[in-house]
Each structure stands twice: as structure tokens, then as C-alpha cells.
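This report concerns only the one structure given below.
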Amino acid sequence: MSRTLLRLALVAVIAVGLAACDSTDSDNATTAGTLNLAFSGLEPLANGFHYEGWVMIDGAPVTTGKFNVSDSGGLVTLQGAAIANGAFAVDRLGDAAAFVLTIEPAGDTDAVPAATKLIGGDFGGTSAALTTAHPAVLGSDFASVAGQYIIATPTSAAMDDEASGIWFLDVAAGGPVAGLNLPTLPEGWAYEGWVVLNGSPLSTGTFLDAAMADAAAPFSGAQPGPPFPGEDFLVNAPAGQAFPTDLAGATVVISVEPSPDDSPAPFAAKPLLGTVSTPAAAGALGQNLGSLPTGTARR
192 MSRTLLRLAL
202 VAVIAVGLAA
212 CDSTDSDNAT
222 TAGTLNLAFS
232 GLEPLANGFH
242 YEGWVMIDGA
252 PVTTGKFNVS
262 DSGGLVTLQG
272 AAIANGAFAV
282 DRLGDAAAFV
292 LTIEPAGDTD
302 AVPAATKLIG
312 GDFGGTSAAL
322 TTAHPAVLGS
332 DFASVAGQYI
342 IATPTSAAMD
352 DEASGIWFLD
362 VAAGGPVAGL
372 NLPTLPEGWA
382 YEGWVVLNGS
392 PLSTGTFLDA
402 AMADAAAPFS
412 GAQPGPPFPG
422 EDFLVNAPAG
432 QAFPTDLAGA
442 TVVISVEPSP
452 DDSPAPFAAK
462 PLLGTVSTPA
472 AAGALGQNLG
482 SLPTGTARR
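For the sequence shown, the numbering used here assigns the number 192 to the initial residue and increments by one for each residue that follows.
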């Protein structure tokens, strides 16, 4: 073979090798996609708490970025800058099987989702519908929730302040039984009862089991209360309130709260809601499922 033909052969071999390398590198390259997030019912988180998105790729969570929500509902960075179109760049987005939204504590820097998983959904093509019902998050649509309460002050020895207490129990069949029908919450969440008096929400305490007492009784009297969630508003009245009071016309709420909680105010998810009758008497809570956050993740 002449030197000219040998050189041409070597050039051809090198060109084929380079083409093969380019093809391999291209096939193995990590490609980024744009994830667009849109939500309904999210509220701003306080005290450094924030939201973080996650996609499940090959069974492992991959962060899509941290953010918060403005007062108008738009997505913002942790510094408060608007995030245009709720867009985030995510590597291997096309391989994602599901999306999950968490609430992360202040100062969070790890690459592990918090236990407080709010909404999620599986990708079907280019989008995922996000709800509380996804099994990786709260795991319920709360469609079966119901509630009953009585108006009484069992922690008081007096007989003239009965309209100043609310307890989530039912005595219609005789002895007291749990008045709330609620799904069991996963780690990272707790229920909390509220009454709204003079425009201000007052907690009746957090709880996990509607058939047990709640975690606190800051306003109740010295007598023992029943072993169910509830509160007597008798002592330690906050500014702007006067105890004992009359709960007639008060709004009653059962909320689903992140744990740990970013704020002493009620969280956005309030599956049960009602109004105490006038005069104050035992009553029922209605479903308020429109308060549950939802969303869409598009890729």
C-alpha cells in the first residue's frame, strides 16, 4: 500500500472512532429539562420555612428547587424574587416518574425530603396532577371527613359559663364518643382545632387521634377535661379577648398542620368548617375540601 493510501485509511479509522465517541458521549449526557409548577391553595410560609419540589428518578428523590409563595400566590425565591412561569431547570426530567412537594424547615440544606409532604402526583406524559391524595404525601382526599361538637365547660365548676367551651365529641348515643371522623395522618402532620372569636383564631389544641385528648389546654379551667380534643375558654385570655365568652356565631375549624409548624396561625388545609348556632349549642362541621392545595407539574 502506498503512503497516500495508508494515510487515507488512518484518517478514516480516526474519523470513525471520533464519531463513535461523540455518539457515546451524547447518549450518556445528562440533559436538563424545564419543569413548570402551578398551584392553587398554597399560602406563604413564615419564619424561614419554605417549599421544595422533588422528582422521583430511578426510585430516588431529586430536588427541583426551593421556593416560597407570595401573598398573591405567585412562586418566589427564598429572597422574594418572582419565579417566572414557575419554571425550574431539572436534570433528567424526562426520566421522572412522580413529583412531590414538601415543606422544609428554616435553614434546610440537605438533599433529603422533609417528612412534611403536602401534595404529589405521578407523571402521565408531560404533566402530573398534584393532590393530597397521592400515597407519597398526605395520602387522603379527605372525602369521608365529618365532625360533631358539644358546647360545654367541663373544666369549670361554675354553671353560668357553659357557652364558653367546645369539645369535639358526640353524646347523641349516650356516653361520649369521638366526634371527629378523620383519616390517620402520616409523619410530619397533625390536626388542630380552632375557634375564631372577634376575628382572631384561637387554638383548641393539636392532636393525632380524635379519640384522645389534644396536646394542650392553655385556656381551660382547673377541673379535668374529657379525653377528646377541645377547649374551655376560661382563663389566660389573649389580648382582644375576654373570658369566659359566648361561642355563639363563632367559626369552628379543623385544620391539617405541618409538624414542625411554621406559624401559630391555621394552615391553609382546613377540611372541616362550621359555625356555632345562636344561642350556642351542639352542632356539626361540614366538609371544606376546597381549601386543600392542588397543583400541576409540567415538563
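Cβ atoms here follow ideal geometry from the backbone N, Cα and C, with glycine treated the same way.
Can you say whether S261 is buried or exposed, counting buried as having 16 or more other CB atoms within 10 angstroms of its CB? Residue mapping note: residue 261 aligns to position 70 of the sequence shown, counting from 1. The residue in question, S261, is exposed, as its Cβ has fewer than 16 Cβ neighbours within 10 Å.
Can you grab the Cα-Cα spacing for the pair R490 / T317, in whole Å? On the sequence shown, residue 490 is found 299 positions in, with the first residue counted as 1. On the sequence shown, residue 317 is found 126 positions in, with the first residue counted as 1. Approximately 5 Å, taken between the alpha carbons.
Quick one: grab the DSSP three-state call for G256. Working through the sequence shown from its first residue, we reach residue 256 at position 65. In the structure shown, G256 sits in a strand (DSSP, three-state: E or B).
Excluding five sequence neighbours on each side, which residues of the same chain lie with their C-beta closer than 8 Å to the C-beta of A456? Reading the sequence shown from its first residue, position 265 is the one you call residue 456. The answer, listed in chain order, is P392.
Please go through the same chain and pick out, in chain order, the residues whose beta-carbon is closer than 8 Å to the beta-carbon of A407, but skip the five residues on each side of it. Residue numbering aside, residue 407 sits at position 216 when the sequence shown is read from its first letter. So the qualifying residues of the chain are S394, G396 and T397.
Could you tell me the boundaries of the beta strand (DSSP E) in which K308 lies? Position 117 of the sequence shown, counting from 1, holds the residue named residue 308. Per DSSP, K308 belongs to the beta strand (DSSP E) from K308 to D313.
Meets three-Cβ-pair contact criterion under 8 Å: the stretch 219 to 233 and the stretch 273 to 293: yes
Is the Cβ-Cβ distance between G264 and F230 less than 9 Å? Taking the sequence shown and counting its residues from 1, the one referred to as residue 264 is at position 73. Taking the sequence shown and counting its residues from 1, the one referred to as residue 230 is at position 39. Taking 9 Å as the cut-off, the Cβ atoms of G264 and F230 count as close.
P470: buried (16+ other C-beta within 10 angstroms of its C-beta) or exposed? Locating residue 470 in the sequence shown gives position 279, counting from the first residue. It counts as exposed.
Where do the ends of the beta strand (DSSP E) carrying Q478 lie? Against the sequence shown, residue 478 aligns to sequence position 287. Residues G474 to Q478.
Using a 10 Å radius around the Cβ and a threshold of 16 neighbouring Cβ atoms, would you call G298 buried or exposed? As a first step, residue 298 is located in the sequence shown; it is residue number 107 there, counting from the start. Result: exposed.
Which class does N238 belong to by DSSP, given the choice of helix, strand or coil? By one-based count along the sequence shown, residue 238 stands at place 47. Under the three-state reduction of DSSP, N238 is assigned to coil, being neither helix nor strand.
Taking 8 Å as the threshold, find out whether the stretch 422 to 442 comes into contact with the stretch 375 to 393 through three or more Cβ pairs. yes
I need the boundaries of the beta strand (DSSP E) containing F230, first residue and last residue. One-based indexing of the sequence shown puts residue 230 at position 39. For F230, the uninterrupted beta strand (DSSP E) run begins and ends at A223 to S231, by DSSP.
Using DSSP's beta-bridge definition, name the partner residues of I357. In the sequence shown, the residue the question calls residue 357 occupies position 166. Beta-bridge pairing links I357 to I342 and E422.
Is the beta carbon of A488 sitting closer than 9 Å to the one on G250? To locate residue 488, count along the sequence shown from 1; it is residue 297. To locate residue 250, count along the sequence shown from 1; it is residue 59. No, they are not a contact pair.
What number of angstroms, rounded off, separates the C-alpha of G315 from the C-alpha of I248? Within the sequence shown, the letter at position 124 stands for residue 315. Within the sequence shown, the letter at position 57 stands for residue 248. Each residue's alpha carbon lies about 14 Å from the other.
Cβ-based neighbour list, L266, same chain, cut-off 6 Å, excluding 5 preceding and 5 following: Residue 266 sits at position 75 when you count from the first residue of the sequence shown. Result list for L266: F258, I274 and G277, in chain order.
Is it buried or exposed for D301, if we count other Cβ within 10 angstroms and need 16 for buried? One-based indexing of the sequence shown puts residue 301 at position 110. The residue in question, D301, is exposed, as its Cβ has fewer than 16 Cβ neighbours within 10 Å.
Which residues does DSSP list as the beta-bridge partners of S261? Here the question's residue 261 lines up with position 70 in the sequence shown. DSSP lists no partner for S261.
Considering only residues of the same chain and omitting the five flanking positions on each side of C212, which have a CB-CB separation below 8 Å? Sequence index remark: in the sequence shown, residue 212 carries index 21 (1-based). Confidence at C212 is low in this model, with a pLDDT of 39, below 50, so its placement is unreliable and no value can be given for it.
Just tell me which of T268, L425, A475 and A320 has its CA closest to the CA of D351. Here residue 351 refers to the residue found at position 160 when the sequence shown is read from its first residue. The residue with the shortest Cα to Cα distance from D351 is L425.
In its own chain, which residues sit with a C-beta less than 7 Å from the C-beta of A280, not counting the 5 before and 5 after it? Against the sequence shown, residue 280 aligns to sequence position 89. Hits under 7 Å: A223 and T225.
Take every Cβ of the stretch 465 to 483, pair it with every Cβ of the stretch 443 to 456, and state whether three or more of those distances are shorter than 8 Å. Three or more Cβ pairs closer than 8 Å define a contact, and the stretch 465 to 483 meets that threshold against the stretch 443 to 456.
Looking at A242: is its Cβ nearer than 9 Å to the Cβ of L309? Within the sequence shown, residue 242 is the residue found at index 51, counting from 1. Within the sequence shown, residue 309 is the residue found at index 118, counting from 1. Per the sequence presented here, residue 242 reads as Tyr, with Ala not at that position. Their beta carbons are under 9 Å apart, which means Y242 touches L309 by this criterion.
Can you list, in chain order, the residues of its chain with a C-beta nearer than 8 Å to that of P367? Leave out the 5 residues immediately preceding and following it. As a position in the sequence shown, residue 367 is number 176, starting the count at 1. So the qualifying residues of the chain are L360, D361, P417 and F419.
A327 versus S335: straight-line alpha-carbon distance, rounded: To locate residue 327, count along the sequence shown from 1; it is residue 136. To locate residue 335, count along the sequence shown from 1; it is residue 144. Each residue's alpha carbon lies about 20 Å from the other.
Would you mind working out which of D437, D423 and L236 sits nearest P449, comparing C-alpha positions? As a working mapping, residue 449 is identified with position 258 in the sequence shown. Comparing Cα-Cα distances from P449 to each of D437, D423 and L236, the minimum goes to L236.
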